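*Asks:*
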Amino acid sequence: MNDSAAPQTVDLEALYQGSSVADVLASLDNELVGLVPVKTRIREVAALLLVEKARRAVGLQAEPPSLHMCFTGNPGTGKTTVAQRIATILHQLGYIRRNHVVSVTRDDLVGQYIGHTAPKTKEVLKKAMGGVLFIDEAYYLYRPENERDYGQEAIEILLQVMEDRRDDLVVVLAGYKDRMDTFFRSNPGMASRVAHHIDFPDYSADELLCIANIMLEKMHYALSVDGQGAMRDYIERRMQQPRFSNARSIRNALDRARLRQANRLFAGRATPVAVEALQTITEDDVRASRVFTQVRPA
Amino acid sequence: MKLTQGQFSFLPDLSDAEITLQVQYALENGWAVAIEHTSDPHPRNVYWNMWGNPMFDLRDAAGVMMELKACRAEHNDEYIKIIAFDSRKGWESVRMSFIVNRPAFEPGFELVRTEGPGRNLGYQLRSFATSRPPVAP
Chain A
1 MNDSAAPQTV
11 DLEALYQGSS
21 VADVLASLDN
31 ELVGLVPVKT
41 RIREVAALLL
51 VEKARRAVGL
61 QAEPPSLHMC
71 FTGNPGTGKT
81 TVAQRIATIL
91 HQLGYIRRNH
101 VVSVTRDDLV
111 GQYIGHTAPK
121 TKEVLKKAMG
131 GVLFIDEAYY
141 LYRPENERDY
151 GQEAIEILLQ
161 VMEDRRDDLV
171 VVLAGYKDRM
181 DTFFRSNPGM
191 ASRVAHHIDF
201 PDYSADELLC
211 IANIMLEKMH
221 YALSVDGQGA
231 MRDYIERRMQ
241 QPRFSNARSI
251 RNALDRARLR
261 QANRLFAGRA
271 TPVAVEALQT
281 ITEDDVRASR
291 VFTQVRPA
Chain B
1 MKLTQGQFSF
11 LPDLSDAEIT
21 LQVQYALENG
31 WAVAIEHTSD
41 PHPRNVYWNM
51 WGNPMFDLRD
61 AAGVMMELKA
71 CRAEHNDEYI
81 KIIAFDSRKG
91 WESVRMSFIV
101 NRPAFEPGFE
111 LVRTEGPGRN
121 LGYQLRSFAT
131 SRPPVAP
């Protein structure tokens with residue numbers, strides 16, 4: 001702040017402590033593994049909104065910043081999870097009025113016949129007002145191969161609302177990187193109205209192991225010591241295989257491991273089972289996966 | 001003659017900010033909000049034209065205000081009202097209803113007397129707005 005021109009100062013620290021931003025950012029750090037660029041950007045947005053609040057408090061007027069975002073990244077990198085959190089963060093920062101996310105795909109926006117699209121899109125927009133509209137796999141909205149596709153109509157209505165009702169609605173688009181790039185190339189209006197393009201990086205093997213442990217903890221399971229090593233092995237092998245989708249693959253692997261664990265316990269039901277055994281996933285449960293037996297495709 | 005129907009009709013007209021607050025109250029109660037318009041203000045006219053479908057599952061009044069703006073742009077010379085419908089068992093009826101737009105000039109009503117046999121008199125209320133043929137836009 002320019003102290004000589006304006007005698008009063010603004011206590012940003014007090015503002016920061018007064019809002020629950022600190023808690024939100026901390027929980028983001030603790031509960032989401034990796035995703036450094038994402039966290040950095042959210043931190044920047046939080047700082048911007050906080051400063052904006054301080055500026056408003058001393059009467060400095062500015063247009064509310066545009067917060068429409070685009071999340072790109074490979075499958076299972078946490079785009080949807082972060083979108084859910086964005087609503088909470090923006091709500092606690094006072095940027096949006098309601099803490100809610102309306103999650104839609106092409107089907108919810110685009111109609112099936114002439115005149116069907118506009119009411120459908122508007123209905124969704126009205127439901128999302130005051131909160132976040134999350135459009136998953138947004139590139140499906142635009143189908144270049146069919147020039148009479150109604151997706152274009154939905155895009156136009158979206159654009160108009162994104163521009164006019166910036167303080168009522170935050171639109172988050174999500175999708176795979178290459179296809180979103182094509183989408184933006186063919187819809188330059190959309191590209192210029194989305195201020196924040198955030199790329200979700202793939203997870204490393206260490207991060208995936210960390211995610212696996214967090215997932216298991218939430219379900220009240222734990223890996224045995226040998227199980228940890230096996231899981232690590234599993235992750236490294238699975239990453240080499242086709243159709244690997246980061247955290248989603250890990251969740252599926254854990255679900256199958258639970259299946260095998262249950263099967264193992266059931267097979268030995270003649271003897272009483274310790275409580276600890278009920279919540280432990282052992283090396284064998286993990287190693288039985290077909291990832292270890294399958295011959296790697298050439 | 002200022003039409004007095006529904007809530008708040010004896011008060012000065014609600015501002016948009018006040019309408020937003022009322023709509024938000026309805027939404028927070030879980031009522032479906034609808035917009036209706038008519039050119040016939042007769043009190044017995046319960047069938048106003050619907051402006052789109054009733055809005056279910058809204059969380060914020062901004063969506064309703066967006067529709068109201070669109071409705072005003074098209075029917076600025078008509079009466080527009082906002083109603084809130086409570087679908088819960090036992091209620092299943094309109095909980096709120098208030099006028100949010102009036103024509104610039106409200107012609108009011110005419111009392112029509114019809115003479116019957118003997119000294120009988122029939123009375124009829126008729127809105128001036130409907131006694132004129134509609135004007136082409």
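Chains A and B are the protein sequences, given in the same order. So the first sequence is numbered by our numbering: it starts at 1 and just counts up by one. So the second sequence is numbered by our numbering: it starts at 1 and just counts up by one. The beta-carbon is built from N, C-alpha and C at its ideal position, and this holds for glycine as well. Predicted, not measured: the structure shown is a model, and the values here were computed from it.
1) Tell me the residue span of the beta strand (DSSP E) that contains Tyr150/A.
2) Considering just the uninterrupted stretch of the alpha helix (DSSP H) at Glu44/A, what are its terminal residues?
3) Between the Cα of Glu13/A and the Cα atoms of Leu32/A, Asp168/A, Ala54/A, which residue gives the shortest distance?
4) Step through the CB atoms of chain B and report whether any lies within less than 8 Å of the CB of His100/A.
5) Look at the Cβ atom of Leu259/A, then the Cβ atom of Ile235/A, and state whether they are nearer than 8 Å.
6) Just reading off the beta strand (DSSP E) that Arg260/A is part of, what are its end residues?
7) For the candidate residues Met55/B, Gly108/B, Phe128/B, Lys69/B, whose alpha-carbon lies nearest to that of Val33/B?
8) In whole angstroms, what is the alpha-carbon distance linking Leu124/B and Thr88/A?
9) What are the residues of the region 51 to 63 of chain B that lie near chain A, defined by any Cβ-Cβ distance shorter than 9 Å?
10) Which residue comes first and which comes last in the beta strand (DSSP E) that contains Ala174/A?
11) Please list the partners that Met129/A has in chain B, where partner means a Cβ-to-Cβ separation under 9 Å.
12) Helix, strand or coil: which one does DSSP assign to Gly189/A?
13) For Gly18/A, which of helix, strand or coil comes out of DSSP?
14) In terms of DSSP beta bridges, what is Asn101/B paired with?
15) My guess is that Glu67/B and His37/B are in contact by the Cβ rule of under 8 Å, so how many angstroms apart are they, rounded?
16) Within the continuous beta strand (DSSP E) that includes Arg238/A, where are the two ends?
17) Whole angstroms are fine: how far does the CA of Phe8/B sit from the CA of Arg43/A?
18) Got a sec, what are the start and stop residues for the beta strand (DSSP E) Asp199/A sits in?
19) Could you please tell me which residues of the region 115 to 127 of chain A, in chain order, have their CB closer than 9 Å to any CB of chain B?
20) Let me make sure I understand the geometry here. Which of Arg243/A, Val275/A, Lys218/A, Thr271/A has the alpha-carbon closest to that of Leu254/A?
21) Across which residues does DSSP place Glu110/B in a beta bridge pair?
22) Could you compute how far the alpha carbon of Pro188/A sits from the alpha carbon of Tyr203/A?
23) Within a Cβ cutoff of 7 Å, which residues of the same chain sit near Met231/A, ignoring the five residues on either side of it in sequence?
24) Nearest to Asp86/B by CA position, among Leu21/B, Pro12/B, Ser15/B, Asn29/B, is which residue?
25) Given this structure, state the Cα-to-Cα distance separating Gln5/B from Arg72/B, to the nearest angstrom.
26) Express the C-alpha separation of Thr282/A and Glu31/A in angstroms, rounding to a whole number.
27) For Leu216/A, which residues from the same chain have a beta carbon less than 8 Å from its beta carbon, with the 5 sequence-adjacent residues on both sides left out?
*Replies:* Quick answer:
1) To locate residue 150/A, count along the first sequence from 1; it is residue 150. That residue, Tyr150/A, is in no beta strand (DSSP E); it is neither H nor E in DSSP.
2) What you label residue 44/A is simply residue 44 of the first sequence in a count that begins at 1. Its alpha helix (DSSP H) spans residues 36 to 57.
3) Stepping through the first sequence from its first residue, residue 13/A is reached at position 13. Checked all of Leu32/A, Asp168/A, Ala54/A; the closest Cα to Glu13/A is Ala54/A.
4) Stepping through the first sequence from its first residue, residue 100/A is reached at position 100. Interface residue, yes.
5) Here residue 259/A refers to the residue found at position 259 when the first sequence is read from its first residue. Here residue 235/A refers to the residue found at position 235 when the first sequence is read from its first residue. Contact: no.
6) Counted from its first residue, the first sequence places residue 260/A at position 260. Run containing Arg260/A: none in the beta strand (DSSP E); it sits in the alpha helix (DSSP H), 246 to 267.
7) Counted from its first residue, the second sequence places residue 33/B at position 33. Looking at the Cα atoms, Met55/B is the closest of the given residues.
8) Residue mapping note: residue 124/B aligns to position 124 of the second sequence, counting from 1. Residue mapping note: residue 88/A aligns to position 88 of the first sequence, counting from 1. Reading off the sequence shown, one finds Gln at residue 124/B, where the question assumed Leu. Taking the straight line from one Cα to the other gives about 59 Å.
9) Gly52, Asn53, Met55, Phe56, Asp57, Leu58, Arg59, Asp60, Ala61, Ala62, Gly63
10) Here residue 174/A is taken as the residue at index 174 of the first sequence, counted from 1. Start and end: 170 to 175.
11) Position 129 of the first sequence, counted from the start, is the residue given in the question as residue 129/A. By Cβ distance, chain B contributes Leu58, Arg59, Asp60, Ala61, Ala62, Gly63, Val64, Met65, Met66.
12) Walking along the first sequence from the start, residue 189/A turns up at place 189. Of the three classes helix, strand and coil, the one that applies to Gly189/A here is helix, per DSSP.
13) If you number the first sequence from 1, residue 18/A lands on position 18. Looking at Gly18/A - three-state DSSP - the assignment turns out to be helix.
14) Locating residue 101/B in the second sequence gives position 101, where the first residue counts as 1. Asn101/B is bridged to Ile80/B.
15) Position 67 of the second sequence holds residue 67/B. Position 37 of the second sequence holds residue 37/B. Incorrect: roughly 11 Å between the Cβ atoms, too far for contact.
16) By 1-based counting over the first sequence, the position of residue 238/A is 238. Element bounds for Arg238/A: not the beta strand (DSSP E) but the alpha helix (DSSP H), 225 to 240.
17) By one-based count along the first sequence, residue 43/A stands at place 43. By one-based count along the second sequence, residue 8/B stands at place 8. Rounded to whole angstroms, Arg43/A to Phe8/B spans 46 Å at the Cα level.
18) The count along the first sequence starts at 1 and reaches residue 199/A at position 199. Segment 196 to 200, the beta strand (DSSP E) holding Asp199/A.
19) Taking 9 Å as the cut-off between beta carbons, the residues of the region 115 to 127 of chain A near chain B are Pro119, Lys122, Glu123, Leu125, Lys126, Lys127, in sequence order.
20) As a working note, residue 254/A is residue 254 in the first sequence. Cα-wise, what sits closest to Leu254/A is Lys218/A.
21) What you label residue 110/B is simply residue 110 of the second sequence in a count that begins at 1. Glu110/B is bridged by DSSP to Arg126/B.
22) Your numbering for residue 188/A matches position 188 in the first sequence. Your numbering for residue 203/A matches position 203 in the first sequence. Pro188/A and Tyr203/A have their C-alpha atoms spaced approximately 30 Å apart.
23) The sequence position of residue 231/A within the first sequence is 231, counting from 1. Contacts found: Leu209, Ala212, Leu223, Val286.
24) Locating residue 86/B in the second sequence gives position 86, counting from the first residue. Nearest C-alpha to Asp86/B: Asn29/B.
25) Here the question's residue 5/B lines up with position 5 in the second sequence. Here the question's residue 72/B lines up with position 72 in the second sequence. Between Gln5/B and Arg72/B, the C-alpha separation is close to 19 Å.
26) Translated into positions along the first sequence, residue 31/A becomes position 31. Translated into positions along the first sequence, residue 282/A becomes position 282. So the two alpha carbons sit approximately 25 Å from each other.
27) Numbered from its first residue, the first sequence carries residue 216/A at position 216. Hits under 8 Å: Ala222, Leu223, Leu254, Ile281.
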